[in-house]
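Residue numbers (full-length UniProt numbering): 1 to 467.
Here the structure comes first, spelled out in structure tokens, and everything after it is commentary.
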């Protein structure tokens with residue numbers, strides 16, 4: 001199958017055909033580094049890391065750009081409230097986002113440009129827009145004339161008469177629907193020189209200039225959260241195409257992480273920071289949870305949903321470990337055709353995971369019947385599929401073997417004694433004692449699997465966290 005993606009702009013599924021054969025150019029709107037990242041912020045990083053891995057698996061040379069917005073009203077306001085320099089505030093939370101991405105196994109981008117490092121490119125873009133009659137300067141500000149661009153609203157479906165940019169009227173705006181490209185300097189705020197006077201860039205201008213600088217006037221895929229469709233991405237398209245650039249050929253948008261049906265945001269006070277959530281589950285389990293829904297769907301957060309996802313991952317992980325214990329090293333195999341069909345269908349991860357669980361089920365049956373070679377082959381398929389999703393237990397990111405042989409042997413003696421006690425209780429039809437032993441082991445993080453050769457155990461994670 002050919003990879004097909006849902007293009008937000010055209011509102012249809014389209015075959016992916018890159019501008020340059022063998023190369024895929026991708027721009028992802030990154031963080032506005034105003035505070036600690038929550039799991040809603042990093043969902044796009046995980047979702048489009050899966051896209052990147054699937055492209056790489058098909059031998060595309062992927063140019064992946066993810067920007068950092070390090071100058072913004074929110075950053076200035078929060079830094080001022082805290083009595084700290086704006087640049088120090090931005091740098092502090094840029095590092096916090098980097099730690100969150102790294103913790104979740106999101107591959108670093110090919111380049112990660114900061115807005116403040118690309119003022120020259122932004123000035124050049126504004127000059128082109130003014131020369132073409134799509135922008136105008138007024139009282140030190142520069143605005144984009146939305147009526148000058150006939151296709152305005154095509155991405156979002158907004159009609160021009162209903163447009164509200166969500167920004168102030170601005171000094172010298174001809175039309176309240178026009179949006180700001182350049183903000184005239186205000187006392188006490190940072191500014192940069194420009195032909196129209198000192199000031200700082202508008203948010204929308206930043207991404208257009210950086211995308212063009214790193215990926216060219218035309219590139220393949222532009223990604224970002226659904227909340228960016230309007231006004232951010234609508235305005236990006238308008239200013240880029242009005243300047244003469246072809247800009248993005250495909251637009252992909254990920255859904256929100258919600259709580260109680262509402263978008264997770266700091267203003268709603270329903271934020272779950274990445275460091276706090278990582279106190280509840282392992283990083284690989286959080287990544288598995290965030291990536292388990294289709295990227296375009298909403299992901300409703302609850303502790304139960306998080307723990308259920310973690311338990312689901314642990315069952316997959318336990319299968320791979322059991323095979324390794326019986327069969328030795330598991331080479332990475334090839335994903336199944338059903339997995340590939342799901343991924344090629346607009347990255348249908350839920351279907352892809354259903355295929356992973358199917359193969360795990362077959363592998364467990366093979367182990368129970370003593371068909372170790374078959375189980376090893378199936379485990380290799382599972383490893384290949386999990387690599388695409390970024391959660392293979394034997395990826396060096398998640399697996400760091402330690403010399404714990406003495407502790408493992410001691411634990412094995414204790415667990416085996418409990419399992420022998422359980423077996424005797426079952427033989428005596430003392431089901432209460434048998435169930436109590438198993439529940440105690442599970443609560444301690446010991447996964448027990450009954451096989452034809454007798455019970456086997458492996459380390460999972462302790463239950464009871466959700467209580």
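Using N, Cα and C, we set each Cβ at its ideal position, and we do this for glycine too.
Model, not experiment: these values are computed from the prediction.
Can you tell me whether residue i is buried or exposed? The criterion is at least 16 other CB atoms within 10 Å of its CB, across all chains shown.
{"i": "residue 381", "result": "buried"}
{"i": "residue 337", "result": "exposed"}
{"i": "residue 403", "result": "With a pLDDT of 46 at residue 403, under the threshold of 50, the modelled position of this residue cannot be trusted, and the question is left open."}
{"i": "residue 125", "result": "buried"}
{"i": "residue 344", "result": "buried"}
{"i": "residue 239", "result": "buried"}
{"i": "residue 194", "result": "buried"}
{"i": "residue 363", "result": "buried"}
{"i": "residue 173", "result": "buried"}
{"i": "residue 159", "result": "exposed"}
{"i": "residue 369", "result": "exposed"}
{"i": "residue 477", "result": "Past the edges of the chain, shown from 1 to 467, lies residue 477, and the structure says nothing about it."}
{"i": "residue 22", "result": "exposed"}
{"i": "residue 422", "result": "buried"}
For the putative contact between residue i and residue j, defined by C-beta atoms under 8 Å, what is the C-beta separation to the nearest angstrom?
{"i": "residue 33", "j": "residue 75", "result": "7 Å"}
{"i": "residue 295", "j": "residue 306", "result": "About 18 Å; that fails the 8 Å criterion."}
{"i": "residue 391", "j": "residue 284", "result": "5 Å"}
{"i": "residue 458", "j": "residue 287", "result": "Actually they are not in contact, since the Cβ atoms of residue 458 and residue 287 sit about 21 Å apart, beyond 8 Å."}
{"i": "residue 354", "j": "residue 366", "result": "Rounded, the Cβ-Cβ distance is 19 Å, inconsistent with contact."}
{"i": "residue 100", "j": "residue 37", "result": "5 Å"}
{"i": "residue 51", "j": "residue 347", "result": "6 Å"}
{"i": "residue 209", "j": "residue 245", "result": "At roughly 10 Å, the Cβ-Cβ gap does not stay under 8 Å, so residue 209 and residue 245 are not in contact."}
{"i": "residue 163", "j": "residue 146", "result": "7 Å"}
What residue range is occupied by the uninterrupted beta strand (DSSP E) comprising residue i?
{"i": "residue 332", "result": "Counting along the chain, residue 332 falls outside any beta strand (DSSP E), and DSSP gives it neither H nor E."}
{"i": "residue 221", "result": "218-225"}
{"i": "residue 201", "result": "199-201"}
{"i": "residue 230", "result": "No beta strand (DSSP E) contains residue 230, which DSSP labels as neither H nor E."}
{"i": "residue 66", "result": "61-66"}
{"i": "residue 182", "result": "179-184"}
{"i": "residue 43", "result": "Counting along the chain, residue 43 falls outside any beta strand (DSSP E), though it belongs to the alpha helix (DSSP H) covering 39-57."}
Hey, could you find the ends of the alpha helix (DSSP H) residue i is sitting in?
{"i": "residue 96", "result": "86-103"}
{"i": "residue 433", "result": "431-443"}
{"i": "residue 339", "result": "337-344"}
{"i": "residue 111", "result": "Note, residue 111: premise wrong, no alpha helix (DSSP H); not H, not E."}
{"i": "residue 70", "result": "No alpha helix (DSSP H) holds residue 70; DSSP gives it neither H nor E."}
Sorry if obvious, but does the Cβ on residue i come closer than 7 Å to a heavy atom of the ligand GTP?
{"i": "residue 236", "result": "Because no ligand of any kind appears in the structure shown, any question about the ligand GTP cannot be addressed here."}
Open item on the list: Does the stretch 211-227 come into contact with the stretch 27-42, if we say contact requires no fewer than three beta-carbon pairs (one atom in each stretch) closer than 8 Å?
Closed with: For the pair of segments examined, the stretch 211-227 was found to touch the stretch 27-42: the number of CB pairs separated by less than 8 Å reaches three.
Open item on the list: As an exercise, report each continuous beta strand (DSSP E) stretch of at least 3 residues that is fully enclosed by the stretch 234-306, in chain order.
Closed with: The stretch 234-306 contains these whole beta strand (DSSP E) runs: 247-254, 257-259.
Task: Any alpha helix (DSSP H) of 4 or more consecutive residues that is wholly inside the stretch 361-429 - done: Correct list: 372-389, 405-427.
TODO: With a floor of 4 residues, list each alpha helix (DSSP H) that falls wholly inside the stretch 113-163, ordered by position along the chain.
DONE: Residue ranges of uninterrupted alpha helix (DSSP H) with 4 or more members, entirely inside the stretch 113-163 and ordered along the chain, are 119-131.
Task: Stretch pair the stretch 253-260 + the stretch 61-74: three plus CB contacts closer than 8 Å - done: Too few Cβ pairs lie closer than 8 Å, so no.
Task: Any 3 or more C-beta pairs closer than 8 Å across the stretch 86-99 and the stretch 131-140 - done: Contact between the stretch 86-99 and the stretch 131-140 is absent, with fewer than three C-beta pairs closer than 8 Å.
Open item on the list: I'd like to know if the stretch 297-313 and the stretch 439-446 are in contact, where contact means that at least 3 CB-CB pairs between them fall below 8 Å.
Closed with: With a cut-off of 8 Å, the stretch 439-446 and the stretch 297-313 do not count as touching, because too few Cβ pairs lie within range.
Open item on the list: Tell me whether the stretch 194-205 and the stretch 229-239 touch, counting them as touching only if at least three CB pairs, one residue from each stretch, are closer than 8 Å.
Closed with: Yes, the stretch 194-205 is in contact with the stretch 229-239.
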